[in-house]
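S.K.: Protein chains in written order, with our numbering: chain H, 16 to 287; chain D, 16 to 287.
Number of protein chains: 2
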Amino acid sequence: VEQRRLSLNQYTVRPWSLERAVAACVARDIPSIAVWRDKLAEVGTARGAQLLRANGLRASSVCRGGFFPDPSASERARRIDDTRRAIDEAAALGAPTLVLVCGPAAGQSLADARAQVAAGIAACADDAHRAGVRLGIEALHPMMIAERSVIATLGEANDLAALVGSPAVGVVVDVYHVFWDAHVEVEIARAGSTIVGFHLSDWRTPNGGDVTAKRAMIGDGCIDFVSLARAVTAATYAGDVEIEILNEDAWKDDLDVWLDTAVQRYREIVPG
Amino acid sequence: VEQRRLSLNQYTVRPWSLERAVAACVARDIPSIAVWRDKLAEVGTARGAQLLRANGLRASSVCRGGFFPDPSASERARRIDDTRRAIDEAAALGAPTLVLVCGPAAGQSLADARAQVAAGIAACADDAHRAGVRLGIEALHPMMIAERSVIATLGEANDLAALVGSPAVGVVVDVYHVFWDAHVEVEIARAGSTIVGFHLSDWRTPNGGDVTAKRAMIGDGCIDFVSLARAVTAATYAGDVEIEILNEDAWKDDLDVWLDTAVQRYREIVPG
């Protein structure tokens, strides 16, 4: 098994700076990295782009734009502007994808919030297209609906991408968020060439702490990686595969061991 | 607002015996109760039935049958037998519905487990029909997939009921489990007269402890009860409405206050 499509999503090793994460990729022959904007801001976009280039690393994606819903029109406009800045940052890094976390309802009905998500994405689609960046709508697990995303299934993400109808808008398949869905393989097939990201971690039921940071090491949970990876490959996705294992316990522990284990599990479990 | 359709799901006041829960219903003019089998076993089925009858209470449902998937055929047969016993208990109490919690994959693929759920329900459907009890397939929130149920959406529950194709098999709509779903109102309409239960509690994201027992008091979370209740009524459901607020913190506190609050919120929030 080779790892030419492997990417380290930077929040897998969240406490590390971009410099340190880049060095860790180089040391492990990981050819790609997904960059978070807070980490990029610490060094500046130009310096970040230079850092990746100097080390021969691709950027698989930038995380993240979105969080569109809000009762206030001016606040919604601010979120759209922020997503446009994120598009510029993705373009500067040469990242093909900006991951969108769509945002919670913010006190509104789910239906109203979903309409605001659609409007927000539509407002950014031309900017993304001009910048050569694709917006990846990421469905988040339904347990995150109140804080993170009113878009909770890959089916909804596909519907939303179809509604916006721009070549710059696609979907991200993160196994942690969608593995439970009886229709996930059908929706992966439906997504086809609109898939702009594939993210790996494993599911164990959160038992305390922050539900957004309780993802399990690949292989320590119950997700069927082989079936999902085959479905994504059959859908023609040939881009980078991110290991994105947000885990607040790991962040307090030895991250070199955590990352070594993740790479090993990727090589053992994920088909080439 | 009247409360002639209000039912107390017994696990809302889980530490209480059946006797005490029945007395609490009588004291509050709650005309119906959903009985859990462990609580019924403490007094015996005949005595439990007599207790309800003597106090003029209906049984809205018995909780629960199911947990069908297992790698072992003999264990699967045992689960089916246990569900048949639960059907008998529901019949003895005059409960129209036996709630099914379908069960987790138990180390198998989700697809295999779902097939075993379908086989398990099919094996019990005639027994239920003869007993005058309807089996209510309850979709559980996707965060419970690894421990409780491979059936995670109302759409899947509807598909499963259609697959089994028995007049004795329907679905239970529990707002906590399904409110997040963009298709929930469509699936409620599709369920129509196969809806055999409607359960209320509210959603706040679990932040520790047992995710099965972190339901919020009606009105303390983000669920749109009015829309969901209207959809269920439009689907022609006219049966009892259960308050089922499983909360491990409440179970350690004053349950009379908890129940008083639940009844008050029901009267304030849920349309008649």
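The beta-carbon is built from N, C-alpha and C at its ideal position, and this holds for glycine as well.
On a predicted model such as this, the values are computed, not experimentally measured, just so you know.
How many whole angstroms separate the CB atoms of residue 215/D and residue 233/D, which I take to be in contact at a CB cut-off of 8 Å?
M.R.: Contact holds; Cβ gap of about 6 Å.
S.K.: Which residues in the same chain have their Cβ closer than 7 Å to the Cβ of residue 237/D, if we skip the five residues on either side of it in sequence?
M.R.: Hits under 7 Å: 218.
S.K.: Any Cβ of chain H within less than 8 Å of the Cβ of residue 153/D?
M.R.: No, its Cβ sits nowhere closer than 8 Å to a Cβ of chain H.
S.K.: How about residue 233/D: is its C-beta nearer than 8 Å to some C-beta of chain H?
M.R.: Cβ-Cβ to chain H under 8 Å: no for residue 233/D.
S.K.: Compile a chain-ordered list of the residues in the stretch 99-129 of chain H whose CB is closer than 9 Å to at least one CB of chain D.
M.R.: Listed in sequence order: 119, 120, 122, 124, 125, 126 and 129.
S.K.: Checking contacts by CB at 8 Å: is residue 202/H closer than that to chain D?
M.R.: Not closer than 8 Å to any Cβ of chain D, the Cβ of residue 202/H fails to qualify, so no.
S.K.: Under 7 Å Cβ-Cβ, which residues of chain D neighbour residue 148/H?
M.R.: Going along chain D, no residue has its Cβ under 7 Å from residue 148/H, so there is no contact; the nearest lies around 26 Å.
S.K.: Please state if the CB of residue 48/H and the CB of residue 18/H are separated by a distance shorter than 8 Å.
M.R.: Cβ distance not < 8 Å, so residue 18/H and residue 48/H don't count as in contact.
S.K.: Curious, which full-length beta strand (DSSP E) runs of at least 3 residues does the stretch 171-218 of chain D contain?
M.R.: For the stretch 171-218 of chain D, whole beta strand (DSSP E) runs of length 3 or above, ordered along the chain, are 184-189 and 210-215.
S.K.: Using beta carbons (cut-off 8 Å, strictly below), is residue 90/H in contact with chain D?
M.R.: For residue 90/H, the answer is no, since every Cβ of chain D falls outside 8 Å of its Cβ.
S.K.: State yes or no: is the beta carbon of residue 40/H nearer than 8 Å to at least one beta carbon in chain D?
M.R.: Chain D, which has no Cβ nearer than 8 Å to the Cβ of residue 40/H, makes this no.
S.K.: Residue 213/D: which of 179/D, 270/D, 175/D and 152/D sits nearest, CA to CA?
M.R.: Among 179/D, 270/D, 175/D and 152/D, the Cα nearest to that of residue 213/D is on 152/D.
S.K.: Expressed to the nearest angstrom, what Euclidean distance is found between the alpha-carbon atoms of residue 182/H and residue 197/D?
M.R.: When rounded, the distance between both Cα atoms is 24 Å.
S.K.: Sorted by chain position, which residues of the same chain lie with C-beta nearer than 8 Å to residue 43/D's C-beta, five sequence neighbours on each side aside?
M.R.: Contacts found: 274, 275 and 278.
S.K.: With DSSP as the reference, identify every bridge partner of residue 164/D, one or two as the case may be.
M.R.: DSSP, once it has assigned bridges, lists 118/D as partnering residue 164/D.
S.K.: Kindly indicate which three-state DSSP category residue 17/H falls into: helix, strand or coil?
M.R.: Reduced to three states, the DSSP call for residue 17/H is coil.
S.K.: Alpha carbon to alpha carbon, how far is residue 81/H from residue 155/D?
M.R.: Looking at the two C-alpha atoms, the distance is approximately 28 Å.
S.K.: Anything in chain H within Cβ reach of residue 214/D, meaning under 8 Å, just list it in chain order.
M.R.: Chain H residues near residue 214/D: none, gap ~17 Å exceeds 8 Å.
S.K.: In the DSSP output, what is residue 229/D paired with across the bridge?
M.R.: 262/D, per the DSSP bridge assignment.
S.K.: Looking at residue 28/H and residue 36/H, is the spacing between their C-beta atoms short of 8 Å?
M.R.: Contact flag set, yes.
S.K.: Ignore the nearest five residues each way along the sequence and tell me which others in residue 242/D's own chain have a CB closer than 6 Å to its CB.
M.R.: Contacts found: none.
S.K.: Could you give the distance in angstroms between the alpha-carbon of residue 8/D and the alpha-carbon of residue 106/H?
M.R.: No statement about residue 8/D is possible, as the shown extent of chain D runs from 16 to 287 and does not include it.
S.K.: Measure the Cβ-Cβ separation of residue 46/H and residue 73/H and say whether it is below 8 Å.
M.R.: For residue 46/H and residue 73/H, yes; Cβs fall inside 8 Å.
S.K.: Going by beta carbon distance, what residues of the same chain come within less than 8 Å of residue 271/H, once the five residues before and after it are set aside?
M.R.: Hits under 8 Å: 39.
S.K.: Using alpha carbons as the reference points, say which of 92/D, 61/D and 123/D lies closest to residue 134/D.
M.R.: The shortest Cα separation from residue 134/D among 92/D, 61/D and 123/D belongs to 92/D.
S.K.: Any beta carbon from chain H within less than 8 Å of residue 189/D's own beta carbon?
M.R.: Residue 189/D does not count as touching chain H.
S.K.: Quick one: is residue 133/H near chain D, going by C-beta distance under 8 Å?
M.R.: Closer than 8 Å: no.
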